[in-house]
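First up is the structure itself, then whatever we jot down about it.
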Amino acid sequence: MVGAFTFFYPNLKPIRLFFTFYPNIYELGVDGAFEKAFGITMEELYVEFEEFLSLPADQQMGIIPNP
45 MVGAFTFFYP
55 NLKPIRLFFT
65 FYPNIYELGV
75 DGAFEKAFGI
85 TMEELYVEFE
95 EFLSLPADQQ
105 MGIIPNP
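So the number in the numbering used here is just where the residue sits in the sequence shown, counting from 1, plus 44.
Laid out in C-alpha cells, this is it:
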C-alpha cells in the first residue's frame with residue numbers, strides 16, 4: 045500500500061487530505077474516504093499502480109517527480 049501511495053502522491057492535494065479524507069475515515073472507512081477525497085477508488089489506484097510497476101524502470105522514473 046505504501047508503494048501505491050507513493051505512486052499516487054503527486055495527485056494528493058493536502059487540503060483534500062486534511063479536510064476530506066481524514067474527517068471521513070470514521071464514517072466511510074479508509075476506502076470510502078479515499079474515494080470521496082480523491083475521486084478514485086482504492087481498487088482503481090491499485091490497478092494503475094500495477095500498470096506502473098509493469099513499465100521498465102526508466103519509464104517509471106520519468107513518471108515519479110523528483111523531490
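Beta carbons: idealized from backbone N, C-alpha and C, even for Gly.
Note that the coordinates shown come from a computational prediction; the quantities given were computed from them, not determined experimentally.
By how many angstroms is the C-alpha of Phe96 removed from the C-alpha of Gly73? 26 angstroms
Three-state secondary structure (DSSP) of Leu89: helix
To the nearest angstrom, how far is it from the Cα of Ile108 to the Cα of Asp102? 10 angstroms
I'd like to know whether the C-beta atoms of Phe63 and Ala77 end up nearer to each other than 7 angstroms. no
Check whether the Cβ atoms of Thr85 and Glu79 sit closer than 7 angstroms, and answer yes or no. yes
Which residues bound the alpha helix (DSSP H) around Leu72? Tyr66 to Phe82
Assuming Ile107 is part of the alpha helix (DSSP H), what are its boundary residues? Ala101 to Ile107
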